[in-house]
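Here is the structure we will look at.
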Amino acid sequence: MTKAEKLIDAVGYLDDDLIKEAERVRFNKTLRRTYSKPMRFAALAACCAMLVFGAFLFPKFFINLGNKSAQEAAAPASAEQMVMAGGTSEAAVAEEEILEEAKTADKAETMTVTNEAVEEEAVDENGLTEEGVTPADAGTAYGGTELLIWTDSAATVTLDGILYQAAARKDLAEGIRGSEMTIDLFDLSAPAGTVSESSDQALVGSACYQTTVDEVRYLLVEQPDGLYLFKEKTK
Amino acid sequence: MVPIEDAAIVDLYFARNEDAIVKTQQKFGSYLLKIAMNILTSRPDSEECVNDTYLRAWNTIPPQRPNILSTFLGKITRNLSIDRLRHLRAAKRSAQQSHRETDMDGSVIEITGAQYDLSLSELEEVIPSEARPDGKVADTVGEELEAKELGRAISEYLRTISEEARKLFIYRYYDMESVKDAASLLGITEGKAKTLLFRTRAGLRTFLEKEGYQI
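Chains A and B, in that order, give the protein sequences.
Here the first sequence is numbered in the numbering used here, starting from 79 and rising by one per residue.
Here the second sequence is numbered in the numbering used here, starting from 682 and rising by one per residue.
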C-alpha cells in the first residue's frame with residue numbers, strides 16, 4: 079500500500095462530526111430537492127397566471143396605443159373647432175370619425191362605459207354640446223357614476239384660489255403615475271366647495287370633489303350630465 | 682413525505698424489521714451511490730457496493746448503535762468501494778488485460794477510478810515520510826501509522842482550519858468529489874478551491890511533522 083493509499087484510508091476514519099458537518103450542505107440540498115415539489119408547482123402556477131395575465135394585457139396595450147394616437151390626432155382639431163365654433167367642415171367630420179373610433183376602442187376595455195347622458199344631451203348643428211364638448215369626448219363611467227373627460231385642455235376652473243385645468247384623456251387611460259384614476263379616489267359624500275371662476279361660465283358655482291394623487295390635486299366638477307375631471311395646473 | 686428520523690431507522694434495525702433497509706435506501710440511497718460512484722465510476726459496481734452497505738449495516742446493527750447514521754453508512758460504502766476498486770485493479774493487473782465494463786447507458790467505460798487516482802496523487806505530498814522508490818511507505822513509519830490514528834490526527838488538524846477549507850477537504854478526499862463539484866457544493870470557484878486545497882495539504886504536512894510523524 080502506498081503512503082497516499084494509507085492516507086486515503088486514514089481519511090476514512092475522520093471524526094463523524096466533521097463529516098456530518100460537511101454532509102449537512104449536501105443533505106440540505108437533497109432535502110430541498112425532495113420538498114421543493116410543491117414550490118415548483120406553485121412557481122409553475124404563478125408563471126401560468128402571469129402568462130394569462132400578459133396575454134390579456136398585451137392586446138390591451140395596443141388598443142390603448144391606438145387610442146392615444148387617435149386622440150393626439152384629434153385634439154388639435156378639436157381645439158381649433160372650439161375656437162372657430164362655426165360651420166361644419168370636412169375636418170370636423172373627420173375628427174368626429176376619429177373620436178368615434180377612439181370611443182369604440184374604449185368600449186373594448188374592461189371598464190364599464192356608458193354614454194347615456196351624452197346620448198340624451200342636445201347637440202347643436204356644429205356637433206357641440208352646450209359646454210362645447212363633442213359627445214364623443216365624454217361619457218366614460220366608473221362604477222355606475224359618470225366621469226366625463228374634458229378634452230378641451232384650455233378649460234380651467236378655480237377652487238380656493240387654486241387653478242385647475244381640464245384633465246387630458248390620457249390621464250385616465252394611462253392612470254396617473256401608476257395610480258389608476260378612478261372615481262373611487264374621490265370622496266363624493268361632501269363637496270370640497272364650488273367653482274369660483276372658470277373659463278366656461280357654465281361651470282361656475284358647480285360643486286367640486288377633490289382628491290390628491292402623488293401630491294397633485296384633482297377635481298371632479300359636478301354637472302347635470304356627469305362629473306368632469308380637472309387636474310391642478312402646474313407651472 | 683416527512684423524512685423518518687435516523688434514530689427511528691436504527692430502531693427498526695434493532696427490531697430486526699426489514700423496513701430498516703427500505704427506509705435506509707429511501708433516505709440515504711442516492712448519497713451512498715454518489716460516494717461509490719465517485720470512487721468506482723461504474724454504476725453497476727457502485728450499486729453493488731451500496732447493496733453490500735445495507736447488508737453490512739443489517740449485520741452490524743445491532744450490536745452497534747451509530748450516533749450518526751449517514752456517516753456510519755457513508756464510511757462503510759466508502760471502504761467497500763475503495764476495496765472493490767483495489768480488488769478490480771489487482772485482478773486487472775494479474776490478468777494483464779484491460780478490464781472494461783459497460784455502463785448503464787450501454788457505453789463502454791474503463792475502470793479508472795479517476796477521482797480516486799487524483800486524490801491519491803494529491804495526497805502523495807502530504808505524508809512526510811521517506812517514501813521508497815517503489816512508492817511504498819518506509820517500514821519505520823508506515824507500520825506505526827495505523828489508519829485510525831492518522832485519521833484522528835487529520836481530524837485534529839481539520840479542526841484548526843476554517844470551516845470552508847475543512848468541508849472542502851472532506852468533499853475532495855473523503856467523498857472524492859471532483860474539485861469542480863466540491864467547489865460547487867461550497868459555492869466557490871474552482872480556482873479558489875484548488876488554492877484552498879493546496880494550502881490545506883501544505884498545512885496538514887506541517888501539522889503532521891510537528892506531531893512527530895516521521896519525515
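Glycine included, every Cβ here is placed at the ideal spot set by N, Cα and C.
Bear in mind that the values here come from a model prediction, so they are computed numbers and not experimental data.
Can you check whether the C-beta of Thr752/B is within less than 9 Å of a C-beta belonging to chain A? yes
Name the residue from Ile240/A, Ala245/A and Gly239/A whose alpha carbon lies nearest to the alpha carbon of Ala233/A. Ala245/A
Secondary structure of Gln745/B, DSSP reduced to three states: coil
Under the rule that 16 or more other beta-carbon atoms within 10 Å means buried, what is Gly755/B, buried or exposed? buried
Segment limits, alpha helix (DSSP H) that includes Lys829/B: Ala828 to Leu839
Under the three-state reduction of DSSP, which class applies to Arg697/B: helix, strand or coil? coil
Since I believe Thr289/A is in contact with Phe264/A (beta carbons under 8 Å), could you give me their beta-carbon distance rounded to a whole number of angstroms? 5 Å
Within 7 Å of chain A by C-beta, residues of the region 851 to 875 of chain B in sequence order: Ile851, Tyr852, Tyr854, Tyr855 and Leu866
Proximal residues, the region 126 to 146 of chain A versus chain B, C-beta separation under 9 Å: none
Thinking C-alpha only, which one of Pro725/B, Arg767/B, Leu839/B and Ile716/B is nearest Ser751/B? Ile716/B
Given 8 Å as the limit, is there contact between the region 280 to 298 of chain A and the region 695 to 712 of chain B, that is, 3 or more CB pairs closer than that? no
Do the region 716 to 730 of chain B and the region 762 to 777 of chain B meet, that is, are 3 or more Cβ pairs less than 8 Å apart? yes
Nearest neighbour of Leu298/A, chosen from Gln279/A, Thr236/A and Ala120/A [CA to CA]: Thr236/A
In the DSSP assignment, find the alpha helix (DSSP H) that holds Val860/B and state where it starts and stops. Val860 to Leu867
Does the beta carbon of Leu907/B sit closer than 9 Å to a beta carbon anywhere in chain A? Because chain B spans 682 through 896 in this model, residue 907/B falls outside it and cannot be assessed.
Identify the contact partners of Leu831/B in chain A, using a Cβ-Cβ distance below 9 Å as the criterion. Lys84, Leu85, Asp87, Ala88, Val89 and Tyr91
Could you say if the region 81 to 90 of chain A and the region 728 to 748 of chain B meet the contact criterion of at least three C-beta pairs nearer than 8 Å? no
Does DSSP put Lys309/A in a helix, in a strand, or in coil? strand
Go ahead and pull the three-state DSSP assignment for Ile240/A. strand
For Ile690/B, which residues in the same chain have their Cβ closer than 8 Å to its Cβ, ignoring the five residues on either side in sequence? Ala701, Lys704, Thr705, Lys708 and Leu750
Would you report the Cα separation of Ala120/A and Leu129/A, rounded to the nearest angstrom? 14 Å
To the nearest angstrom, report how far apart Glu729/B and Gly884/B are at their CA atoms. 37 Å
In the structure shown, what three-state DSSP assignment does Tyr712/B receive? helix
Could you give the first and the last residue of the continuous beta strand (DSSP E) run that contains Glu892/B? No beta strand (DSSP E) contains Glu892/B, which DSSP labels as neither H nor E.
Thinking C-alpha only, which one of Tyr306/A, Phe136/A, Ala133/A and Val103/A is nearest Asp278/A? Tyr306/A
Using 8 Å for Cβ pairs, my map puts Glu300/A next to Ile240/A. What's the rounded Cβ distance? The pair is not a contact, with the Cβ atoms about 18 Å apart (cut-off 8 Å).
Can you tell me whether Gly90/A is helix, strand or coil according to DSSP? coil
Using beta carbons (cut-off 9 Å, strictly below), is Gly755/B in contact with chain A? yes
Between the C-alpha atoms of Ile842/B and Ala772/B, what's the straight-line distance to the nearest angstrom? 40 Å
With 16 as the cutoff for other CB atoms within 10 Å, does Leu96/A come out buried or exposed? buried
Is Leu736/B near the ligand ATP - that is, is its Cβ less than 8 Å away from at least one heavy atom of it? Ligands are entirely absent from the displayed structure, and the ligand ATP is therefore not among its contents.
Helix, strand or coil: how does DSSP classify Ala285/A here? strand
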